[in-house]
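A short worksheet on the structure shown next.
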Amino acid sequence: MSVLQSNELTVAVDEGSHAGHRQKWLRLAVSAASVAGVALLLGALYGRLMAFGVRRDEMMFVPPAQYLPDWELYRDAFFNHVPNVAWFFHYMHIAFSDQGLLGSARTGVFLLWVLLILAIVWTTLRISRSWLLAIFSAVAIVAADPLLGQAGMAATNNLLPLPFAVLGIGLFLSETMDRRPRSSLIFVAGLCLSLAAGSKISAVVFIPPVALAAFLLPARVSLRARLTGTVLPLAAGGLVGAMPVFWYLLDDPQLFLAHVLSFHTGPHIDYWIANAADEPGLAMGLGGKLQLAFEAWLAGGPLILVTALVYLFWVAVRAHHKGEAQGGDCRGQIGVVLAVIALAAALSFVPTPGFPQYYIQPLVCLPILGALLYRQIGAQDRQQVVPVLCASMLVMLVISLPRLLPGLAGLASPDKFTSARMVRGGQELQQALASHNVPEGPVATFMPLYPMEAGLEVYPEFVSGQFAYRIAPYTDAELAAFYRMAGADDLENLFGKVPPAAILVGYEPDLEAPMVEYAQANNYLEVPVSELSNRYGQGRLFVRTKGGLD
Numbered sequence: 259m260s261v262l263q264s265n266e267l268t269v270a271v272d273e274g275s276h277a278g279h280r281q282k283w284l285r286l287a288v289s290a291a292s293v294a295g296v297a298l299l300l301g302a303l304y305g306r307l308m309a310f311g312v313r314r315d316e317m318m319f320v321p322p323a324q325y326l327p328d329w330e331l332y333r334d335a336f337f338n339h340v341p342n343v344a345w346f347f348h349y350m351h352i353a354f355s356d357q358g359l360l361g362s363a364r365t366g367v368f369l370l371w372v373l374l375i376l377a378i379v380w381t382t383l384r385i386s387r388s389w390l391l392a393i394f395s396a397v398a399i400v401a402a403d404p405l406l407g408q409a410g411m412a413a414t415n416n417l418l419p420l421p422f423a424v425l426g427i428g429l430f431l432s433e434t435m436d437r438r439p440r441s442s443l444i445f446v447a448g449l450c451l452s453l454a455a456g457s458k459i460s461a462v463v464f465i466p467p468v469a470l471a472a473f474l475l476p477a478r479v480s481l482r483a484r485l486t487g488t489v490l491p492l493a494a495g496g497l498v499g500a501m502p503v504f505w506y507l508l509d510d511p512q513l514f515l516a517h518v519l520s521f522h523t524g525p526h527i528d529y530w531i532a533n534a535a536d537e538p539g540l541a542m543g544l545g546g547k548l549q550l551a552f553e554a555w556l557a558g559g560p561l562i563l564v565t566a567l568v569y570l571f572w573v574a575v576r577a578h579h580k581g582e583a584q585g586g587d588c589r590g591q592i593g594v595v596l597a598v599i600a601l602a603a604a605l606s607f608v609p610t611p612g613f614p615q616y617y618i619q620p621l622v623c624l625p626i627l628g629a630l631l632y633r634q635i636g637a638q639d640r641q642q643v644v645p646v647l648c649a650s651m652l653v654m655l656v657i658s659l660p661r662l663l664p665g666l667a668g669l670a671s672p673d674k675f676t677s678a679r680m681v682r683g684g685q686e687l688q689q690a691l692a693s694h695n696v697p698e699g700p701v702a703t704f705m706p707l708y709p710m711e712a713g714l715e716v717y718p719e720f721v722s723g724q725f726a727y728r729i730a731p732y733t734d735a736e737l738a739a740f741y742r743m744a745g746a747d748d749l750e751n752l753f754g755k756v757p758p759a760a761i762l763v764g765y766e767p768d769l770e771a772p773m774v775e776y777a778q779a780n781n782y783l784e785v786p787v788s789e790l791s792n793r794y795g796q797g798r799l800f801v802r803t804k805g806g807l808d
């Protein structure tokens, strides 16, 4: 070898070594930036969630965290939903009791966010084998406008079923792509789907397409193999996951169904028909519901996600026509996801009135569909997809910044968190009662979290907020017998038996008017308060004095 050739070889080796070092440092930089980005995104989510204003629905879902297991759901307190969510917040309160009732519940919601993101990333990565698509899917869920509102920020049952639904569907689809699915993972899929349905009754929509598909997938095996390897494990997991619901259902079927079913199909609708004028823009008909669906599915982040899916579909179809498709035959799995999306979308229009949170369930299935489409695309086409996914992620992040950035800034002032304000409100309420030597008794209010944060007694009839009280005039006597409730006409009798130590109002003037009249008629003293205000109004506190009720 000549000297010249030797020098050229040395230069080539050096250049290769430098290129290798550059790639190594580039990978490290990308990894560090990704970790920092995830931390910032989670911090922004947590800050937004903790500062999000209190919602009426939280008066229904959070109190069970304290009164369970001493009180029994449905029998001792009105609760119009399936039981998993109540027990979830109860266990969150045990784990994070130092944060107060609302604080522990909101922390639980944040953990659900983490679980949902992990479920989306794991499912899409397992199906598509693409980290880029997995990260894109996670960003798409975080940037979904409906989930950055009440549906994903308040401590309710809206977010709880979603991680389990994603895991259940993802496990089922990924396992049935193989000729010999693992029964243990199919069992877990059924378990997750049942846990989702036990968290929110509308999440039952995820089950029928998967249950039917269990008889058809994997496609190239015998029916007997599907029955033993897919159908039976899925059903077994589903039965185990449904045990909490079966426990309450079998214990007292009429009581359970009166709360979970009859409420939503009877007095709940009648109340809103009679009071629709008090809620401008309330979606009572198909037109209003279509507008809510459009805003949830085809605006902001979800619109960008749908656009990216259309592009992936076009690329996948083109790959099939060119004979370059990869990933095996996924048509059955794609059909399952499309059926779930269609069914979830259709049933979103069933509840009356419609609210934005009713339209979020189809959104979590879209990333799974994207992963199945991406799996079909050849290596060359995947290079063309990269800039589309990167640009889409960037736009989604940009449009969600106005909502996320204030949450990141709010981390510097935890004393301004809604949960902290709720605790201070409870403390002020407790101090007011102590300073005025108020006789013992429960606090009457449609905002039970305030007294409960301070460990004060509340009426079982109002521990779920206003929801039982306001439907009293629209509930027939036969159904009312199953509810622990008191309406405006029942206050004199209720307060006559156990006089309230205090009456906290100021949030629902029309509903609270009989309480104010009772306080004034019975010489209750109005005490000025400053920490009992929220998005619904400024609290007014009436306390019982020794001369009261004379």
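For the sequence shown, the working numbering gives the first residue as 259, with consecutive numbering after it. From the three backbone atoms N, C-alpha and C, an ideal C-beta is built for every residue, glycine too.
Nearest residue (CA-CA) to residue i, options the options
i    : options                   : result
A412 : F514, R661, G764 and V312 : V312
S791 : R440, L655 and V681       : V681
V646 : G428, V564, G668 and V716 : V564
Y569 : L519, I635, D510 and S606 : I635
P731 : G713, M651, T676 and P525 : P525
A494 : K804, V503, L655 and F445 : F445
R387 : L691, Q584 and Y616       : Q584
N338 : V296, T414 and A294       : T414
L757 : R728, E770 and R802       : The amino acid at residue 757 is misidentified as Leu; the sequence shows Pro. Looking at the Cα atoms, R802 is the closest of the given residues.
L666 : E715, G301 and E711       : G301
E316 : M710, T610 and Q796       : M710
R438 : P476, L390 and L370       : P476
G496 : F514, D510 and V468       : V468
H517 : M318, A483, A690 and P625 : M318
L627 : P697, I459, G713 and A566 : A566
I562 : F394, L360 and A297       : F394
Residues of its chain near residue i, where Cβ-Cβ distance is below 7 Å and the 5 sequence neighbours each way are ignored
i    : result
I618 : P404, L405, A409, N416 and A554
L262 : Residue placement at L262 cannot be trusted, given a pLDDT of 49 that sits under 50; the coordinates are not used to answer.
G559 : A398, A401, A402, D403, M654, I657 and S658
F521 : N338
Start-to-end residues for the beta strand (DSSP E) that takes in residue i
i    : result
A816 : In the structure displayed, the chain extends from 259 to 808; residue 816 sits before or after that span and is not available.
L799 : R798 to V801
I618 : Unbroken run through I618: none, as it is neither H nor E.
A702 : V701 to T703
V763 : A760 to V763
Neighbourhood of residue i by C-beta distance below 6 Å, restricted to the same chain and skipping five residues each side
i    : result
L451 : G426, F464 and I465
R798 : V763 and G764
A392 : V379, T382 and L383
F354 : S362 and T365
A472 : T488, V489 and L492
A551 : Y617
E789 : R682, G683 and E686
A396 : I375, I378 and V379
T733 : P525
F800 : I761, A777, Y782 and E784
A603 : P620
L515 : none
Inter-residue CB distance, residue i and residue j (contact presumed, cutoff 8 Å)
i    : j    : result
V575 : D639 : Actually they do not touch by this definition, with Cβ atoms about 11 Å apart.
V479 : L449 : Not confirmed; about 23 Å, so no contact.
A377 : G295 : About 19 Å separates the two Cβ atoms, so there is no contact after all.
Bounding residues of the alpha helix (DSSP H) (the contiguous stretch that carries residue i)
i    : result
Y434 : Note that residue 434 is Thr in the sequence shown, not Tyr. Start and end: P419 to T434.
E784 : First-last for E784: L783 to V785, but that is the beta strand (DSSP E), not the alpha helix (DSSP H).
P465 : This sequence places Ile at residue 465; Pro is not what is there. I465 -> alpha helix (DSSP H) spans I465 to A471.
A603 : R589 to L605
I562 : G558 to H579
I214 : Past the edges of the chain, shown from 259 to 808, lies residue 214, and the structure says nothing about it.
L737 : A735 to A738
T381 : G358 to S386
R484 : L481 to R484
T676 : T676 to S693
Contact set for residue i: own chain, Cβ-Cβ below 8 Å, skip 5 residues either direction
i    : result
A236 : Past the boundaries of the shown model lies residue 236; the chain is included only from 259 to 808, so the question cannot be answered.
S457 : V340, N342, V343, F346, N415, L418, P419 and F422
K674 : A309 and G668
L544 : F607
L556 : V564
Minimum Cβ-Cβ distance from residue i to chain E less than 8 Å
i    : result
G559 : In the structure shown, chain E does not exist; there is a single protein chain.
Open item on the list: Does the contact criterion of 3 or more C-beta pairs under 8 Å hold for the segment 532 to 546 versus the segment 581 to 598?
Closed with: no
- [ ] Would you check if the segment 583 to 593 and the segment 519 to 535 touch, i.e. whether three or more CB-CB distances between them fall below 8 Å?
- [x] Judged by Cβ distances under 8 Å, the segment 519 to 535 makes no contact with the segment 583 to 593, as fewer than three pairs qualify.
- [ ] May I ask you to verify whether the segment 317 to 329 touches the segment 342 to 362, counting CB pairs closer than 8 Å and requiring at least 3?
- [x] yes
- [ ] State whether the segment 741 to 758 contacts the segment 690 to 703, with contact taken as three or more CB pairs (one from each stretch) at a distance under 8 Å.
- [x] Yes, they touch.
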